[in-house]
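Enquirer: Residue numbers (this note's numbering): 69 to 355.
1) Can you give me the C-alpha to C-alpha distance between residue 221 and residue 229, rounded to a whole angstrom?
2) Between the Cα of residue 119 and those of 311, 92, 131, 150, spot the shortest distance and give me the residue it belongs to.
3) For the beta strand (DSSP E) that contains residue 246, what are its first and last residues?
4) For residue 176, I'd like the list of residues in its chain whose CB is within less than 6 Å of its CB, leaving aside the five on either flank, ordered along the chain.
5) May I have the straight-line CA-CA distance separating residue 77 from residue 298, to the nearest angstrom?
6) Only counting the same chain, and skipping five residues up and downstream in sequence, which positions put a Cβ closer than 8 Å to that of residue 333?
7) Which same chain residues end up closer than 6 Å to residue 110 when comparing Cβ atoms and leaving out the 5 residues on each side of it in sequence?
8) Checking 8 Å against the spacing of the C-beta atoms, do residue 302 and residue 161 come in under that value?
9) Count the C-beta pairs between the segment 232-243 and the segment 170-186 that are closer than 8 Å, then say yes if the count reaches three, no if not.
10) Grab me the residues of residue 320's own chain with a C-beta within less than 8 Å of its C-beta, minus the 5 sequence neighbours each way, in chain order.
11) Between the alpha carbons of residue 352 and residue 317, how many angstroms are there, rounded?
12) State the CB to CB distance for the pair residue 105 and residue 125, rounded to an integer number of angstroms; the pair is presumed to be in contact (CB under 8 Å).
13) Among the residues of its own chain, which have a CB less than 6 Å from the CB of residue 83, if the five just before and after it don't count?
Right under this line is the structure:
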């Protein structure tokens with residue numbers, strides 16, 4: 069397909085594993101121009117993926133990691149907002165997002181619910197797949213919100229907000245890295261989309277997040293278990309990166325033969341044995 073919108077992803081760290089290779093290659097094979105922003109050399113980049121310097125979008129002066137886990141998610145959240153603000157044509161995707169169908173080029177807002185509670189008519193939007201126009205009020209609010217590393221997010225539930233306000237009143241403001249997980253991610257994205265009304269553009273869970281995080285292990289099982297979750301509207305699958313650590317501990321660093329992941333890797337011509345996931349001792353319980 070011609071004239072598909074460009075895809076932008078971020079990778080911080082060493083070589084890509086089979087999971088990132090699979091997901092990036094899926095967009096290349098759909099026909100999307102696919103750019104991987106990096107900070108330094110990255111090995112194992114699939115053919116067709118174009119490397120770009122992350123400093124073009126955001127320098128590492130504000131390289132913030134999560135206090136409890138050490139995760140780079142906060143910097144990643146910050147990066148995606150600046151990327152889509154700089155290039156309104158690009159669609160940001162995490163490197164654990166797999167393309168089922170190509171994106172159309174004519175949608176100004178691209179994001180979706182990772183879960184939705186029908187009875188409450190409420191859900192949470194995930195930012196793993198994200199595009200907003202440059203003049204989006206929600207995008208501008210997110211850029212302003214993330215410019216302050218000691219914010220007071222008034223939209224947080226009282227049980228979280230109380231401690232943040234108490235710390236601020238005592239002259240010891242809470243750093244964003246100490247706040248609830250996803251404060252610059254799904255929590256913030258959902259809050260500002262709701263405030264501006266742009267949440268009306270959020271797609272149902274089956275479009276981008278057909279498999280819930282809690283069900284992620286089905287990717288390492290028979291393909292039909294994953295396909296049961298897909299619909300004619302599914303464009304992407306968030307494969308959820310922890311599945312690779314599960315495979316590392318249970319299956320020697322690669323997906324098991326005959327699994328959905330194994331099937332997809334073969335479809336895209338990727339040999340996971342060339343980029344296995346090395347088990348980490350502290351992953352065995354949580355993954």
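Idealized CB from N, CA, C, for every residue including glycine.
Values in this document were obtained by computation on a predicted structure and should not be read as measured data.
Expert: Straight from the coordinates:
1) 7 Å
2) 92
3) Counting along the chain, residue 246 falls outside any beta strand (DSSP E), and DSSP gives it neither H nor E.
4) 201
5) 23 Å
6) 86, 90, 323, 339, 340
7) 79
8) no
9) no
10) 344
11) Because the pLDDT of residue 352 is 35, which lies under 50, any placement of that residue in the model is unreliable, and the question is left without a value.
12) 6 Å
13) 111, 112
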